Each structure stands twice: as C-alpha cells, then as structure tokens.
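**Student:**
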Amino acid sequence: MKTWKEVNPGAVILEPGSARKFKTGSWRAMRPKWIEENCIHCLLCWVYCPDMSVKVKDGKREQFDYDFCKGCGLCALECPGKKGQKAIVMEQEGN
Amino acid sequence: MATPLTLKELSRKEELFTPGHRLCAGCGAPTVVKMVLLATDYPVIASNSTGCLEVSSCISEYTAWKIPWIHSAFENAAATISGVETMYRSLKKQGKISDEIKFVSFAGDGGTYDIGFQSLSGAMERGHDMTYICYDNGAYMNTGIQRSSATPFGADTTTCPVGSHIPGKLQQRKDMTKIIAQHGVPYVAQCSPSHWGDLMKKVRKAHEIKGPKFLNIIAPCNRGWRTQSDDAIKMAKLAVETCYWPLFEIENGVTKITQRPREKKPLIDFLKPQGRFKHMFAPENEWMLKAAQEHVDAYWERLEKEEACFAPPAPAAAEAPKVAD
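For the record, the sequence lines run as chains A and B.
When we follow our numbering, the leftmost residue of the first sequence carries the number 3, and every step to the right adds one.
When we follow our numbering, the leftmost residue of the second sequence carries the number 7, and every step to the right adds one.
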C-alpha cells in the first residue's frame with residue numbers, strides 16, 4: 003500500500019485498466035468447464051460474462067480465463083449448447 | 007465505419023472495461039457497462055456517481071476502466087459530465103481539439119432516482135450533449151440493500167423490512183424513464199442486458215443524437231434480489247417477458263415499443279425466483295401479488311396506447327362502395 007506522499011496528486015490513476023493486476027479467480031467456489039465439441043461459438047457466454055473471463059480469438063471461443071472467473075455460473079445457464087448438450091458445465095472447484 | 011452489431015465482430019474490439027473489478031460474482035452491472043462500451047465506436051469520457059459500480063471498479067490503485075473516467079459524489083455525476091462537456095465545446099471552439107468525443111455518465115438507481123435527481127434534471131434541462139446511463143438494480147445494494155424509489159412494490163429491504171408492521175415496501179416504484187422524457191429531451195429508452203442487440207442499438211442511436219439522452223437499464227443483483235448467482239440474465243429476460251421492464255424508447259416525444267414479448271407472462275414468474283418477494287406468496291398477502299400485477303398491466307396498457315397514438319396511419323381503406331339512395 004502506497005502512502006499519501008507516493009500516490010499521484012488527486013489520487014489520479016495513470017494506468018488504464020490496472021485492475022487486470024488484481025486477480026479475482028480465488029473467489030471461485032464453482033469452476034466452469036468448457037466442452038469444446040458441444041460449442042457452437044455463439045459467443046453468448048462472452049457477451050454476458052460479468053468478469054470478461056471468456057477468451058475469444060478471431061471470432062472463435064477459447065478457454066476460460068481462470069485468473070478472473072468468479073464462478074458465478076451465468077455462462078453455463080445461458081449456454082445453448084449443441085443438440086441439448088451444454089458446452090459449459092459447472093464443477094466443484096478443487097476436485 | 008461502425009462495427010457491425012454481431013458478437014463475432016464485436017469480440018474483435020478492445021475491451022474497455024477490464025476484469026479484476028471487485029463487483030460480486032454474477033452481478034448485472036459490469037455486463038451492462040461492457041455492452042454500452044462495446045456498442046460505442048467513438049472515444050468516450052465517463053463520469054460515475056457513487057454506487058456499487060463506482061466503488062468496485064476503482065479501488066485504490068486499481069481501475070477497471072480504460073477510458074477517461076471521473077469519480078463523482080452520489081449527487082453530481084450529471085453535473086460533472088456537464089462541466090466536462092462544456093469544456094470540450096469551448097476547446098473545440100478555440101480549435102484546440104478536433105476529435106468527436108462522446109460523454110457518458112453511469113449511475114445506479116440511487117444516484118439517479120433519488121440522490122442524483124436534481125443534478126440529472128438540471129443537466130437534461132440545460133441540454134448538454136451527453137448520455138446518462140442508469141443501471142437499475144432496484145435498491146441501494148452497495149450499502150446493504152436499503153430501499154430506493156426504484157425498489158418495486160412489495161420488496162423486502164433493510165429499510166422496509168417484512169415484519170408485523172409492514173409487508174415490505176408499500177409504494178410503487180418511480181417511473182424515471184418517463185420523468186426524464188417529460189423534460190422534453192430528444193431520446194430516452196429502457197433496455198435490458200438480456201436483449202443485447204436492442205441495448206446496443208439504443209446506445210448507438212443515443213450517440214448519434216445531439217442533446218441530452220437517458221438510458222435506463224435493468225441490472226439484476228443476486229444479493230439484493232435474493233436469487234442465484236447465475237441467473238442475472240435470466241431474471242432480466244423475465245422482467246422483459248412479464249412486462250415489468252418493457253423495452254421501449256421515446257424519441258422526440260414519440261413512444262415506440264422496441265421488443266414486444268411473444269406472450270406476456272404473469273408477473274409471478276418474475277417475482278417467484280426472488281427471495282425479496284417470498285412473503286408475497288403467503289396466503290394473507292395475496293392482495294400484494296394482485297396489486298403488483300395490476301400495476302404492471304396498467305403500465306403496459308398505457309404504454310401500448312401511447313405507442314398507438316403515434317403509430318403511422320394505417321393505409322387508407324378502399325373507398326366504401328356508394329350506396330345508392
């Protein structure tokens with residue numbers, strides 16, 4: 003923790019998006035698991051994720067960002083999956 | 007050129023709201039902010055009044071924002087951004103700046119409906135070129151779920167607790183969207199993150215209009231609503247489908263419903279999953295369910311009538327054959 007003499011005047015933060023240095027993955031009790039073969043790359047999980055923890059490259063979904071995922075399970079609930087098979091399932095963390 | 011509104015194309019954009027913010031797991035607010043910033047293709051400057059979003063997205067040396075962002079007190083987010091916008095106009099006039107910049111203010115329902123109302127009303131009246139975005143989670147969630155004037159009828163909060171004296175909040179919520187529309191501003195709209203396309207279209211439309219704009223966006227809060235951590239989007243969708251949160255816009259005084267639910271679901275579908283309405287399902291509180299449903303029905307009916315007033319006239323019917331007299 004910086005003292006008042008070390009912070010910028012007015013407590014201005016000069017580095018945009020510095021929250022990326024603060025990892026929130028340790029909050030997680032449930033862990034989302036991505037099942038690639040059931041994924042239709044609709045990217046709904048990406049747009050709905052409150053923690054920007056779904057990585058996407060060139061319009062294709064990639065692995066979760068477990069550094070930040072808080073394990074809310076929103077993506078698993080909204081996942082349409084393929085032929086009734088979800089592409090995201092929640093598992094107990096630490097198993 | 008504007009990015010096409012498809013998730014594939016939007017996913018190529020730089021994220022302007024980063025993870026590492028300290029909002030609860032499954033919160034609706036970051037999704038709302040993310041969608042607003044994704045839809046914006048201009049450089050944008052934001053002010054943010056005190057609330058969950060503000061205290062959790064900027065703690066000490068960590069900020070989740072990649073845009074110029076100004077923290078405001080509870081009551082003056084609209085006044086702050088008004089000042090910034092005025093300075094921008096002055097600098098533009100002096101030829102010191104040439105970029106087209108958009109100004110946005112984020113606030114919760116407490117900072118919009120209650121504490122920030124006077125500064126918001128003033129900014130709307132003065133006609134600043136700005137977009138005010140309220141993420142409405144229906145109570146002061148940041149300080150531990152106290153009632154606000156956006157809290158729906160019947161909800162259990164810490165300042166209208168269910169007990170032997172009262173069965174939750176006894177007043178109906180304030181209709182902020184229409185109150186701002188009554189300021190005569192060019193554009194107000196109500197949106198939901200569950201309908202991301204509709205939300206982003208409205209944000210884009212707002213940016214293209216000159217003058218003050220107001221967007222009211224529902225942002226489910228699983229702690230305050232007493233729901234599961236994974237159902238923010240599901241609850242937002244139910245709010246739209248039950249017409250508790252109709253999606254409409256008022257452009258220059260003309261009302262338009264932008265998403266009409268295929269089938270209007272009964273309000274209990276929205277109330278039942280929420281722990282804050284649990285007491286309303288007790289046999290002695292049946293009147294509350296009825297009162298809540300009646301309020302939603304009346305609002306929806308009025309909205310449909312308002313829309314019908316401005317609907318383009320139906321094509322003239324073929325002239326009736328003249329009856330010989």
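Beta carbons: idealized from backbone N, C-alpha and C, even for Gly.
Just so it is clear, the structure is predicted and the values come from calculations on it, not from any experiment.
Could you tell me whether the Cβ atoms of residue 141(B) and residue 111(B) are closer together than 8 Å?
**Tutor:** Looking up residue 141(B) in the second sequence gives position 135. Looking up residue 111(B) in the second sequence gives position 105. No. Outside cutoff.
**Student:** With the cut-off set at 8 Å, would you say residue 60(B) and residue 77(B) are in Cβ contact?
**Tutor:** As a working mapping, residue 60(B) is identified with position 54 in the second sequence. As a working mapping, residue 77(B) is identified with position 71 in the second sequence. Yes, they are a contact pair.
**Student:** Using only alpha-carbon positions, find the residue among 58(A), 7(A) and 78(A) that is nearest to residue 89(A).
**Tutor:** Numbered from its first residue, the first sequence carries residue 89(A) at position 87. Ranking 58(A), 7(A) and 78(A) by Cα distance to residue 89(A) puts 78(A) first.
**Student:** In terms of residues, what are the limits of the beta strand (DSSP E) holding residue 218(B)?
**Tutor:** The residue you call residue 218(B) lines up with position 212 of the second sequence. Unbroken beta strand (DSSP E) run through residue 218(B): 218-224.
**Student:** Who does residue 32(A) pair with in a DSSP beta bridge?
**Tutor:** Counting from one through the first sequence, the residue named residue 32(A) turns up at place 30. Residue 32(A) pairs with 94(A).
**Student:** Tell me whether residue 54(A) sits in a helix, a strand or coil according to DSSP, three-state version.
**Tutor:** Within the first sequence, numbered from 1, the residue matching residue 54(A) stands at position 52. Residue state, collapsed to three classes: coil.
**Student:** Suppose the cutoff is 6 Å on Cβ atoms and the five residues either side in sequence are ignored; what does the same chain contact list for residue 162(B) look like?
**Tutor:** Here residue 162(B) corresponds to residue number 156 of the second sequence, with the count starting at 1. Correct list, in chain order: 168, 174 and 282.
**Student:** Return the bridge partner residues of residue 198(B) from the DSSP annotation.
**Tutor:** For the purposes of this step, residue 198(B) is taken as the residue at position 192 of the second sequence. Its beta-bridge partners do not exist; DSSP assigns none.
**Student:** Smallest Cα separation from residue 68(B): which of 18(A), 12(A) and 7(A)?
**Tutor:** Locating residue 68(B) in the second sequence gives position 62, counting from the first residue. That would be 18(A), whose Cα lies nearest to the Cα of residue 68(B).
**Student:** Please report the straight-line C-alpha distance between residue 94(B) and residue 58(B), rounded to a whole angstrom.
**Tutor:** On the second sequence, residue 94(B) is found 88 positions in, with the first residue counted as 1. On the second sequence, residue 58(B) is found 52 positions in, with the first residue counted as 1. Rounded to the nearest angstrom, the two C-alpha atoms are 28 Å apart.
**Student:** Can you give me the Cβ contacts of residue 2(A) inside the same chain, cut-off strictly under 8 Å, excluding the 5 residues immediately before and after it?
**Tutor:** Nothing in the structure corresponds to residue 2(A), since chain A is present only between 3 and 97.
**Student:** Quick check: is the beta carbon of residue 70(A) nearer than 8 Å to any beta carbon in chain B?
**Tutor:** Here residue 70(A) is taken as the residue at index 68 of the first sequence, counted from 1. It does; some Cβ of chain B falls within 8 Å.
**Student:** At a CB-CB cut-off below 8 Å, which residues of chain B make contact with residue 12(A)?
**Tutor:** Against the first sequence, residue 12(A) aligns to sequence position 10. Within 8 Å Cβ-Cβ: nothing; residue 12(A) doesn't reach chain B, min ~10 Å.
**Student:** DSSP three-state label for residue 168(B), please.
**Tutor:** Start at 1 with the first residue of the second sequence, and residue 168(B) comes out as number 162. If DSSP states are grouped into helix, strand and coil, residue 168(B) belongs with coil.
**Student:** Classify residue 17(B): buried if its beta carbon has 16 or more other beta carbons within 10 angstroms, exposed otherwise.
**Tutor:** Along the second sequence, read from residue 1 onward, the residue named residue 17(B) stands at position 11. By the neighbour-count rule (16 or more Cβ atoms within 10 Å), residue 17(B) is buried.
**Student:** Taking only beta carbons into account, state which residues of the region 68-81 of chain B come closer than 8 Å to chain A, listed in chain order.
**Tutor:** Going along the region 68-81 of chain B in chain order, one finds 68, 69, 70, 71, 72 and 73 with a Cβ nearer than 8 Å to chain A.
**Student:** Report the CB separation of residue 306(B) from residue 252(B) in whole angstroms; it is logged as a contact under 8 Å.
**Tutor:** Along the second sequence, one-based indexing puts residue 306(B) at 300. Along the second sequence, one-based indexing puts residue 252(B) at 246. Going by Cβ atoms, the distance from residue 306(B) to residue 252(B) rounds to 6 Å, so yes, they are a contact pair.
**Student:** Does the beta-carbon distance from residue 225(B) to residue 26(B) come in below 8 Å?
**Tutor:** As a first step, residue 225(B) must be located in the second sequence, where it is residue number 219. As a first step, residue 26(B) must be located in the second sequence, where it is residue number 20. For residue 225(B) and residue 26(B), no; Cβs fall outside 8 Å.
**Student:** Which runs of the beta strand (DSSP E) at least 3 residues long sit entirely within the region 90-122 of chain B? Give them in chain order.
**Tutor:** As far as the region 90-122 of chain B is concerned, its whole beta strand (DSSP E) runs of at least 3 residues are 108-114.
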